[in-house]
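Student:
Residue numbers (the working numbering): 13 to 673.
1. Quick one: which unbroken alpha helix (DSSP H) runs of 4-plus residues sit fully inside the region 201-252? Chain order, please.
2. Skipping 5 residues on each side, what residues in its chain have a beta carbon closer than 8 angstroms to that of residue 111?
3. Can you tell me whether DSSP reads residue 631 as helix, strand or coil?
4. Excluding sequence positions up to five away, which residues of its chain have a Cβ less than 6 angstroms from the Cβ of residue 114?
5. Work out the CA separation of residue 284 and residue 326 for me, nearest whole Å.
6. What's the C-alpha gap between residue 126 and residue 475?
7. For residue 451, collect the residues of the same chain with a Cβ closer than 6 angstroms to its Cβ; drop the 5 residues on either side in sequence, then sort them by chain order.
8. Out of 377, 583, 654, 552, state which residue places its alpha-carbon closest to the alpha-carbon of residue 541.
9. Can you have a look at residue 353 and say buried or exposed, based on whether 16 or more other CB atoms are within 10 angstroms of its CB?
10. Only counting runs of 4 or more residues, tell me where the alpha helix (DSSP H) segments fall wholly within the region 514-557, in order along the chain.
11. Assign residue 616 to one of three DSSP states: helix, strand, or coil.
12. Could you please give me the residues that DSSP links to residue 328 through a beta bridge?
13. Given this structure, state the Cα-to-Cα distance separating residue 636 from residue 263, to the nearest angstrom.
14. Near residue 660, which residues of its chain fall below 7 angstroms by C-beta distance, leaving aside the five closest residues on each side in sequence?
15. For a test of the three-state rule: what should DSSP assign to residue 660, helix, strand or coil?
16. Going by C-alpha to C-alpha distance, which of 341, 388, 389, 443 sits closest to residue 372?
17. Decide if residue 443 is buried, meaning its Cβ has at least 16 other Cβ atoms within 10 Å, or exposed.
18. List in chain order: all unbroken beta strand (DSSP E) runs of 3+ residues lying wholly within the region 396-438.
19. Measure the CB-CB distance between residue 683 and residue 161 and report whether it falls below 8 angstroms.
20. Using only alpha-carbon positions, find the residue among 566, 545, 500 that is nearest to residue 526.
21. Might you give, ordered along the chain, the residues of its own chain that have their beta carbon closer than 8 angstroms to the beta carbon of residue 557, omitting 5 neighbours on each side?
22. Go to residue 586, then tell me how far its beta strand (DSSP E) extends in each direction, as first and last residue.
23. Tell me the DSSP secondary structure of residue 112 in three-state form.
24. How would you label residue 47, buried or exposed, when you count the other beta carbons within 10 angstroms and need 16 or more for buried?
25. Since residue 608 is in the beta strand (DSSP E), which residue starts that stretch and which ends it?
26. Hey, would you say residue 203 sits closer than 8 angstroms to residue 256, going by beta carbons?
27. Per DSSP, what are the beta-bridge partners of residue 594 in this structure?
28. Short of 6 angstroms in beta carbon distance, which residues of its chain neighbour residue 608, apart from the five on each side in sequence? Order them along the chain.
29. Check whether the region 602-618 touches the region 634-649, taking contact to mean three or more Cβ pairs, one atom from each stretch, closer than 8 angstroms.
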């Protein structure tokens with residue numbers, strides 16, 4: 013259930029901008045005596061009227077300043093984001109933490125040193141001075157008794173690439189840290205290590221909550237080299253292609269700490285309240301839904317994200333955008349925010365319309381879109397996109413022209429898919445990065461297949477296969493599930509740790525589907541998402557759940573394809589014995605076994621070969637080749653009454669296998 017809200021507090025009267033059911037007043041007058049009178053998507057108010065149920069009609073139910081009561085489906089006023097005062101403020105299984113007024117998860121993640129539940133930040137950006145200032149209240153829960161100190165992640169001094177060389181990035185300065193009671197706490201900021209160590213007045217017991225309020229100020233990010241992979245990091249002011257100003261953050265992979273002190277670890281997901289103002293009055297967009305707006309100058313906008321996400325998915329951006337409503341999917345409004353142009357010219361590329369159909373499919377295939385809105389922000393970028401929760405970044409280079417090769421279409425679907433895989437279900441550590449990207453890429457291909465037919469799905473898989481074989485060094489120097497120092501991020505020392513999940517990973521999922529069968533695979537993936545929704549996932553967990561299905565033991569498959577590097581290379585030779593009427597086929601694995609190991613091919617993964625004599629009157633002769641137990645070569649005799657002239661290998665359609673002479 014999800015939504016925004018439309019009843020004003022407990023009065024249960026229609027507020028301005030709210031919508032009635034399409035039923036007549038006469039038909040709904042007595043709904044409180046018979047709730048079945050109200051149709052789907054509506055709720056019965058105490059007045060006897062059927063009103064829009066904000067949990068079912070997210071976009072239509074409530075206006076700014078109103079939130080959805082998750083218990084009743086009614087809209088409530090939210091002048092103060094305090095769960096003690098606002099009924100139904102908390103989402104799904106969250107509960108109200110009375111001492112703080114913040115919502116907290118029903119259970120905490122004890123694998124963490126401490127579990128951050130919410131970042132409530134207030135920032136003012138001074139573009140004239142290229143500085144920002146503010147504070148963040150970090151609502152956290154202790155996971156261990158006797159927690160006397162907390163170490164937060166903050167920006168650190170580092171040389172960054174700029175045009176013509178490098179320049180020092182100077183982090184912000186923390187000026188104070190206070191407890192929930194307002195007491196000043198001792199702290200040490202280490203700008204070399206990038207840490208903020210806070211000494212608590214009284215040690216916390218396990219499961220006890222605390223709120224640290226950190227005040228800080230600093231410079232905007234000076235990076236200006238658009239070609240550098242990590243150009244978009246921290247908080248910066250920029251200029252768009254039309255010369256218009258932008259202010260934005262970018263935190264991936266671990267650079268949210270450059271603008272927001274916190275626990276910058278992909279496992280520790282948290283909600284956010286963003287209260288942002290900018291001296292030049294640019295309107296702000298941020299994670300979640302707009303709940304408050306003050307006049308100014310400068311104007312301040314407040315956004316509430318009620319669903320927890322990794323810190324790198326936290327984001328705000330401000331510019332003079334033109335909003336283009338694309339449509340509504342089961343209560344979720346989908347918008348594109350384009351560079352400032354006249355309204356009549358603000359027509360998004362045609363491929364953006366596929367977003368709506370893809371979201372409908374994914375709602376059925378995996379589960380309802382797990383957030384309250386979905387907006388795509390056009391940004392100047394040397395990269396593709398970024399899955400900032402509910403406000404994804406889409407490179408302007410991908411939103412221009414006819415998109416003849418489909419790059420933009422894939423990108424938009426990929427970033428939306430991260431709201432299931434990555435923003436909701438999320439990696440337990442950086443080593444599990446492959447799950448985020450392989451699942452987003454695989455289901456992008458699935459969505460393309462739903463929108464354009466099976467051939468579109470196959471074309472996307474084939475495109476990825478071609479990319480792998482064209483640049484093997486980029487994809488084969490590490491495993492999908494790589495293992496490095498815990499603080500290292502994908503791509504830092506090996507190329508494949510970052511690149512392979514996007515193209516090799518989807519093929520692994522395709523081969524898992526081949527072994528389970530289509531119905532079982534579809535059911536499993538829905539179950540897997542339900543089990544990991546807003547939870548950390550890992551390769552070990554995935555393997556355990558797959559093996560629990562009981563139809564296939566995937567242990568060896570994961571050892572070869574997920575924990576191993578590279579992919580198999582096959583060379584095939586054959587001859588025909590006319591006297592015996594058999595084809596002798598020999599297949600060899602030619603990859604460097606010491607580096608890449610050997611691969612198992614049997615059952616649904618057996619290698620199917622077809623031989624034809626080009627005579628339409630005779631059927632092709634087919635046979636299977638299997639590899640088990642580390643074998644490098646396999647020879648089979650295939651009965652065939654006529655001498656074949658050609659050989660084909662249909663298995664390449666479903667397997668990531670490179671054919672070599």
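C-beta atoms are modelled at their ideal positions from N, C-alpha and C, and glycine is treated no differently.
Tutor: Concretely, from the data shown:
1. none
2. Your numbering for residue 111 matches position 99 in the chain shown. These residues qualify, in order along the chain: 192, 221.
3. Position 619 of the chain shown, counted from the start, is the residue given in the question as residue 631. Residue 631 falls in the coil class under three-state DSSP.
4. Translated into the one-based positions of the chain shown, residue 114 becomes position 102. Result list for residue 114: 130, 151, in chain order.
5. The count along the chain shown starts at 1 and reaches residue 326 at position 314. The count along the chain shown starts at 1 and reaches residue 284 at position 272. A straight-line Cα-Cα distance of about 8 angstroms links residue 326 and residue 284.
6. Here residue 126 is taken as the residue at index 114 of the chain shown, counted from 1. Here residue 475 is taken as the residue at index 463 of the chain shown, counted from 1. Rounded to the nearest angstrom, the two C-alpha atoms are 43 angstroms apart.
7. On the chain shown, residue 451 is found 439 positions in, with the first residue counted as 1. Hits under 6 angstroms: 433.
8. To locate residue 541, count along the chain shown from 1; it is residue 529. The residue from 377, 583, 654, 552 with its alpha-carbon nearest to that of residue 541 is 377.
9. Counting from 1 along the chain shown, the entry for residue 353 is found at position 341. Classification for residue 353: exposed.
10. For the alpha helix (DSSP H) assignment, the uninterrupted runs of no fewer than 4 residues enclosed by the region 514-557 are, from N- to C-terminal side, 530-544.
11. Counting from one through the chain shown, the residue named residue 616 turns up at place 604. In the structure shown, residue 616 sits in a helix (DSSP, three-state: H, G or I).
12. Here residue 328 corresponds to residue number 316 of the chain shown, with the count starting at 1. In DSSP, residue 328 forms a bridge with 298.
13. Against the chain shown, residue 636 aligns to sequence position 624. Against the chain shown, residue 263 aligns to sequence position 251. Straight-line Cα distance between these residues: approximately 49 angstroms.
14. Numbered from its first residue, the chain shown carries residue 660 at position 648. Cβ neighbours of residue 660 beyond the five flanking positions: 622.
15. Within the chain shown, numbered from 1, the residue matching residue 660 stands at position 648. It is a strand residue.
16. Within the chain shown, residue 372 is the residue found at index 360, counting from 1. Ranking 341, 388, 389, 443 by Cα distance to residue 372 puts 341 first.
17. Working through the chain shown from its first residue, we reach residue 443 at position 431. Around the beta-carbon of residue 443, 16 or more other beta-carbon atoms lie within 10 Å, marking it buried.
18. 403-407
19. An answer regarding residue 683 cannot be provided, because it is not within the stretch 13 to 673 covered by the chain.
20. Against the chain shown, residue 526 aligns to sequence position 514. The candidate whose alpha carbon is nearest that of residue 526 is 566.
21. As a working mapping, residue 557 is identified with position 545 in the chain shown. Correct list, in chain order: 536, 539, 540, 543.
22. Your numbering for residue 586 matches position 574 in the chain shown. That run of the beta strand (DSSP E) goes 581-589.
23. Numbered from 1 along the chain shown, position 100 holds the residue referred to as residue 112. It is coil, neither helix nor strand.
24. Indexing the chain shown from 1 puts residue 47 at position 35. With a pLDDT of 45 at residue 47, under the threshold of 50, the modelled position of this residue cannot be trusted; read the value that follows with caution. Residue 47 comes out exposed.
25. Your numbering for residue 608 matches position 596 in the chain shown. Per DSSP, residue 608 belongs to no beta strand (DSSP E); it is in the alpha helix (DSSP H), 605-608.
26. For the purposes of this step, residue 203 is taken as residue 191 along the chain shown, with counting starting at 1. For the purposes of this step, residue 256 is taken as residue 244 along the chain shown, with counting starting at 1. Their beta carbons are not under 8 angstroms apart, which means residue 203 does not touch residue 256 by this criterion.
27. Against the chain shown, residue 594 aligns to sequence position 582. 589, 651, per the DSSP bridge assignment.
28. Counting from one through the chain shown, the residue named residue 608 turns up at place 596. Same-chain partners within the cutoff: 577, 578.
29. yes
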